[in-house]
RNA sequence: GCGCCUGUAGCUCAGUGGAUAGAGCAGCGGACUUCUAAUCCGUCGGUCGCAGGUUCGACUCCUGCCAGGCGCGCCA
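In the working numbering, the protein residues as written are 14 to 589.
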């Protein structure tokens, strides 16, 4: 990585200057290396001399003067002291050419970094209830989590991904009741007589569905419930009316889960594991977790409930683990789940949650600490809400009517590439307004096409080369190109941008900010388009230059392909 | 009331305490006999919500306000 390399050089120069007695300091400030906005300030720059002014009690420019003699390396063509004391690095052409060759040789592995740390990360995201289709908000977390996992792996972190299935509890019960009610309605319409209990259930279901004023909703009324009831009738016939609600909920949740899995798969989102909440209950893990907290002395009984002293760990107030009725809270179950993750050997837990769950963070982190783990063990990434629009009008979702646009419908309509790109393009901290018509119509203006077009253009150059015997020969043997032919500023800028790829990945991984890579890739595509315009690749009169440019173009294609397919999870078309 | 997020060009948004705050879209003006014009070049456009503070230096950090969103259950 280029930044690491520069960092090492600066660090060594500092040590050398100190050893020579030219500089002294108590605490060394962070060495920051950046790409200057103004190209006349070199390819990279550091402000370390400014930061060191106070600790070293010396003027910044003087400090820079001290460092200069210790910064000797063939990679530098020139190092200048500028402004208040910046060190501006200009990299040597020959060194850049050599780096380009190495980048090309690394091929698909370019950007892949060695082990970044020894932790084992578990990234949990989406984790929707199996009570209905995934909505578009889930889609944002799906894309975000998937891209983050890809980026972190590329950056050398060991990451496993998991989907937590909330397959127990009242919502599942309600789903089962709803499906049963629809099923009973079906039987009734066929002239079957219903038992007293069944009639009552059906009546309650219909009453809630037909209610005009708003109130608490118990049942599910979407069309999908009807579909589930019909599917059940098709599979089990008309004799299931006496089956308990659990029979219906088991059927429904299995179907819904399968649908969610299919949709995620179709969108290129693959989880390493699917963890059902029911397993925790079956294994007695919830009781065990509660007992562990009890023995740690962080619980107490009050008002017939068992409480966890989460306020001792920074939460606003204490939280209930076991309710008056004796059943456990969702929170208690979640504690057991997180403990389970830790017991499986993951020592870094990252969860992606919707911003509406932020009030839940403090208690969850309190629980992890109470179980004996450090504060840094659990990291929660909050994503802001996403609004769906169609022709400028917000698409409203209603739980009562079950009216909603599912994630699957959106990416079927908009396309996987554009959907994924538009969702990962924005920082998780910003709410997203996603207009379906815009996402589709945008085509030419959509940045994803801009990037893909650069890739297709490069492929096109190689196709065109086949039409001429001379060019075809050069293209076939482009790896033996004399890169010394590359001298243009556009070529240099493109190489520098390519070299930055691993640094961008590392940065995006550490910041947990996938959106940063979309900006990088757009910059890279822009840099290529400029090169394409300014530097003709195939030129019969300059075969050596043509070959060198083919080498550069192919290297660019490899990085674009790598980013599009490995990081963004979208296609890298050869023609558009 | 308390907590979290957001506030940057007409719009959508980037921006690691550093040099003259950037990009795309929209607007205006240019560039196709030449590897894909889904492209490129130029130009217009700013009180970085407001006010203080910290320092060599603040869009960035701190405090207080203003505006918008979300959340403050023995729901999940």
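Note that the Cβ used here is the ideal one computed from N, Cα and C, for glycine as well.
For residue 311, the closest alpha carbon among the candidates 317, 302 and 321 is that of 321. In the same chain as residue 556, and ignoring 5 residues on each side of it, the C-beta atoms closer than 7 angstroms to its own belong to 483 and 487, in chain order.
Bounds of the alpha helix (DSSP H) holding residue 154 are 149–167.
Look at residue 232 here: in three-state DSSP terms it is coil, with no helix or strand label.
Here DSSP, grouped into helix, strand and coil, assigns residue 208 to coil. The bridge partners DSSP lists for residue 91 are 103. Per the DSSP secondary-structure output, residue 394 pairs in a beta bridge with 365. Spatial neighbours of residue 14 in its own chain (CB-CB distance under 6 angstroms, excluding positions within 5 residues in sequence) are listed in chain order as 515 and 516. In this chain, the beta strand (DSSP E) harbouring residue 321 covers 318–321.
Sixteen is the threshold: since fewer than 16 other Cβ atoms of the shown chains lie within 10 Å of the Cβ of residue 122, the residue is exposed. Non-local C-beta neighbours of residue 518 in its own chain, meaning closer than 8 angstroms and more than five positions away in sequence, comprise 124, 126, 164, 167, 168, 530 and 580, ordered along the chain.
For residue 34, the number of other beta carbons within 10 angstroms of its own is below 16, and it is reported as exposed. In this chain, the beta strand (DSSP E) harbouring residue 402 covers 399–403.
DSSP, reduced to helix, strand and coil, places residue 287 within a strand of the structure shown. With a cutoff of 7 angstroms on beta-carbon distance, residue 38 and residue 69 are scored as near each other. Per DSSP, the continuous beta strand (DSSP E) segment holding residue 173 begins and ends at 171–178. If you draw a 10 Å sphere on the C-beta of residue 134, you find 16 or more other C-beta atoms in it, and that means buried. Spatial neighbours of residue 444 in its own chain (CB-CB distance under 6 angstroms, excluding positions within 5 residues in sequence) are listed in chain order as 397 and 398. Apart from sequence neighbours up to five positions away, the residues of its chain that approach residue 160 with a beta-carbon distance below 6 angstroms are 437 and 527, ordered along the chain. The count of Cβ pairs closer than 8 angstroms, one atom from the region 187–207 and one from the region 233–248, reaches three, so the stretches are in contact. Spanning the alpha carbons of residue 177 and residue 403 requires a straight line of approximately 31 angstroms. Each residue's CA atom was taken as its position, placing residue 76 and residue 22 some 15 angstroms apart. Bridge partners of residue 578 according to DSSP: none are assigned. Taking a C-beta distance under 7 angstroms as the contact criterion, residue 59 and residue 100 qualify as a contact pair. In terms of Cβ geometry, residue 561 and residue 157 do not form a close pair [threshold 7 angstroms].
Between the alpha carbons of residue 550 and residue 541 lies a gap of roughly 12 angstroms. In this structure, residue 377 keeps its C-beta atom at 7 angstroms or more from the C-beta atom of residue 466. Taking the Cα positions, residue 390 is about 8 angstroms away from residue 381. Between the beta-carbon of residue 92 and that of residue 81 there is about 6 angstroms, and that keeps the pair under the 8 angstroms contact cut. About 6 angstroms separates the beta carbons of residue 147 and residue 276, which is inside the 8 angstroms limit, making them a contact pair. Going by C-alpha positions, residue 506 is about 13 angstroms away from residue 50. In the same chain as residue 187, and ignoring 5 residues on each side of it, the C-beta atoms closer than 7 angstroms to its own belong to 231, 232 and 233, in chain order. In the structure shown, residue 314 falls within a strand segment according to DSSP collapsed to helix, strand and coil. Here the alpha carbons of residue 384 and residue 352 stand approximately 8 angstroms from one another.
Just measuring C-alpha positions, the residue of 268, 144, 538 and 521 sitting nearest residue 508 is 538. The beta carbon of residue 197 sits closer than 7 angstroms to the beta carbons of 207, 211, 214, 215 and 254 from its chain, once the five residues preceding and following it are set aside; these are given in chain order.
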